[in-house]
Each structure stands twice: as structure tokens, then as C-alpha cells.
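Residue numbering for the sequence shown is 963 to 1260, as defined by my numbering.
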Amino acid sequence: MNHFLSIAELSPQQVGHLLQRAFFFKQSLQFPSYPQHTLANLFYENSTRTRISFELAAKHLAMQVVNLDLSTSSETKGEVIEDTVQTLAAMGVTLFVIRHAQDGLPQLVAQGLNEAVHVINAGDGQHAHPSQALLDLMTIVEKKPNLATLKIAIVGDIRHSRVANSLQFLFKLMHVGELVLVSPKQWQPETVHFGHVTAELSEGLQGADVIIGLRVQKERLAESEQFDLAHYRGRYALTQDAVRMAKPDAIIMHPGPINRGIEIDSELADGPQSVILTQARNGVFMRMAILESLITTS
Ligand code: NCD
963 MNHFLSIAEL SPQQVGHLLQ RAFFFKQSLQ FPSYPQHTLA NLFYENSTRT
1013 RISFELAAKH LAMQVVNLDL STSSETKGEV IEDTVQTLAA MGVTLFVIRH
1063 AQDGLPQLVA QGLNEAVHVI NAGDGQHAHP SQALLDLMTI VEKKPNLATL
1113 KIAIVGDIRH SRVANSLQFL FKLMHVGELV LVSPKQWQPE TVHFGHVTAE
1163 LSEGLQGADV IIGLRVQKER LAESEQFDLA HYRGRYALTQ DAVRMAKPDA
1213 IIMHPGPINR GIEIDSELAD GPQSVILTQA RNGVFMRMAI LESLITTS
């Protein structure tokens, strides 16, 4: 694996290896050192948790980290991202973590690079967010290892969610028993990679083992006049009441950041079934596994 761009490029064996390494790091807290590597965080979209997660992952592996302040970087002076990457690569950066609003941009950047330089997709537009999907899988496997027997529900704006996209590919690849994508009509996906779509929350939650809430992306809502928040809450919010339809030991997940009282209630987000903070913790170990596999295999 020379770049980490999307789940579609991974084999089940590679996913298995990444899980195994991530669990090893989590359980042993023994981290190898790769001080000859430097990681650059290139976040052209706002992010706190994903950027910091990659930064901590790199630092645990004894790498150097540079964070570009992209509001003051050369892109505002008209430099294209490819030139930024080439310049930093010439200075010795070997790993580029890229988040950008444009679908497919990390892939485009990766094409022009030599094989000693690696690109990691940290979320591109509405396309993919593969490291999030893998840390979600790690969290699921940790709690419920038998994927083939699981019913998983993803609830919310499936259509615009790069997380839901990557999760569909990953759950398909790893043979998850059943995936239900719950979404109001206007947010249902045009293309479904795996699972079936419903507008009924009960259809998704009934007997579910894993419930994944998605953020209501308020930054998008300005454009959509038809959206009625109260209506959404009434039909799709993850509340204590709604979750009673699921299995009693169902786990509640969310990639964050959460909108408390919109797509998920605080009593649920902070309750005993929630694994939202476990996801954040696992993210660091999974990203360590991803970085390591890029620099140790070709
Ligand atoms: C997600 C993202 O940016 O795609 N968040 C994340 O990476 N933690 C989901 C979101 O923004 O709602």
C-alpha cells in the first residue's frame, strides 16, 4: 500500500492486518520509532479531531509533524496544492495527510509523486473518509467481533456523508450481516454500495447491534430550504426511547462532532451504550497502523 486513499483499494487481508496492528498498539502501548519520517497535515477544511488524531499517531511513532496553517499558506497566494506538496516533499516530508472539499483530490495529488512519498486521505468532499471507517470498524470489532451476525444501522444524511460512503465499502468487504441506511428522502444516497435504504427509523433500529448517527451538517442546510429541523428530530433523532427498539446491548456510535439535542440526545451520547469516546481513542491507534503500513510496505 503506497497511498491510503479509499476503502475500495483495500483487501480484507490488509484490513485484518491494520486491525491487528491497531489492537496491538492499544493493548501493549509499545510503539515502534520511525524518526526518519515527517508527516505534514494539510487540512483545507476545518477539522480538530481528525487532524489531532493523525498528529498524535505520528508523534507516538516518533515522527516529526508539521501542521500547515492553510489560511495563511501559499494557496491563498495562488499556489496549487500539487506545488505545495512537491515543495514540502523536497524538504523531506514523506507523509501527507490531506483533507479537502474536492472529491478525489488526494488521489490526484498522489499521482504525481514518487514512491517514497505517501498520501493519506483524511476526508475528500463527499467521497471518502477511509481512516474514520477503519477506526469505526475497530470499535465495532472490539465490542462485537462476529461481524457476520451483526445488524448495523447508519442514521442521517447518508447522501452527503463521506463517512457513510466509506463504511458501506468496508462493511461489504468485511461481510457484515446486515446494513440499513436510514435517511429522510432528500438525504437518501443516489448510489448504494452496500445495505438497503429506508426512511423509517424503526426499520433500522429494530434488533440492531450497532447504531451509527451522522452529524446534521448545518453548514449545508442553508442551501436546502425544505429542511425542517423539528421534523428531522421528531422522526430521526437518536433518543433513549428510539434506541429501545435495538438490542439491549446495542452500541451507539458517531464520528463527531455531535450536535447534542439534534441528531443525538445527550443522555444517549453520554450513556453506557455510547462508544463515541472509544472511537476517538481507537482513532489514534488505527492511524498509527495506517502510517506504519505505508512506510513499511510498498
Ligand atoms: C466527519 C467528517 O469530517 O467527515 N467527521 C470527522 O472526521 N470526525 C463527519 C462530519 O463532519 O460530520
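All residues carry an ideal CB built from backbone N, CA and C; glycine is no exception.
Starting from the Cα of residue i, find the closest Cα among the options and give me that residue.
i: residue 1129; options: 1225, 1228, 1100, 1208; result: 1100
i: residue 1112; options: 1049, 1093, 1062, 1134; result: 1134
i: residue 1125; options: 1177, 999, 1014, 1024; result: 1177
i: residue 1219; options: 1011, 1149, 1003; result: 1011
i: residue 1237; options: 972, 1031, 1104; result: 1104
i: residue 964; options: 1244, 1077, 1042, 1232; result: 1077
i: residue 1114; options: 988, 1042, 1043, 1164; result: 1164
i: residue 1064; options: 1212, 1227, 973, 1086; result: 1086
i: residue 1204; options: 1003, 1227, 1108; result: 1227
i: residue 1171; options: 1242, 1140, 1066; result: 1140
i: residue 1235; options: 1055, 1202, 1251, 967; result: 1202
i: residue 1066; options: 1055, 1056, 1082; result: 1082
i: residue 1070; options: 1043, 1091, 1093; result: 1043
i: residue 1262; options: 985, 971, 973, 975; result: The shown model of the chain, from 963 to 1260, leaves out residue 1262, and the question about it has no answer.
The beta strand (DSSP E) spanning residue i covers which residue range?
i: residue 1061; result: 1057-1062
i: residue 1005; result: 1000-1005
i: residue 1106; result: It is not in any beta strand (DSSP E) - residue 1106 carries neither H nor E in the DSSP assignment.
i: residue 1026; result: 1026-1029
i: residue 1083; result: 1080-1086
i: residue 1213; result: 1213-1215
Assuming the contact rule is C-beta atoms closer than 8 Å, residue i and residue j should be a hit. Round their C-beta distance to whole Å, please.
i: residue 1119; j: residue 1215; result: Their Cβ separation, rounded to whole angstroms, is 16 Å, which puts residue 1119 and residue 1215 out of contact at 8 Å.
i: residue 1208; j: residue 1239; result: In fact, because the Cβ distance is near 20 Å, the residues do not count as touching under 8 Å.
i: residue 1212; j: residue 1173; result: 6 Å
i: residue 1252; j: residue 987; result: Wrong, their Cβ atoms sit about 11 Å apart, outside the cutoff.
State buried or exposed for residue i, treating a residue as buried only when at least 16 other CB atoms are found within 10 Å of its CB.
i: residue 1053; result: exposed
i: residue 1046; result: buried
i: residue 982; result: exposed
i: residue 1182; result: exposed
i: residue 1241; result: buried
i: residue 1061; result: buried
i: residue 1192; result: exposed
i: residue 1024; result: exposed
i: residue 1223; result: exposed
Provide the residue span of the alpha helix (DSSP H) that contains residue i, from first to last.
i: residue 965; result: Per DSSP, residue 965 belongs to no alpha helix (DSSP H) and is neither H nor E.
i: residue 1166; result: 1163-1167
i: residue 1250; result: 1238-1258
i: residue 1067; result: 1067-1073
Hey, would you say the C-beta of residue i is under 6 Å away from at least one heavy atom of the ligand GDP?
i: residue 1011; result: Looking for the ligand GDP in the displayed structure turns up nothing; the ligands present are the ligand NCD.
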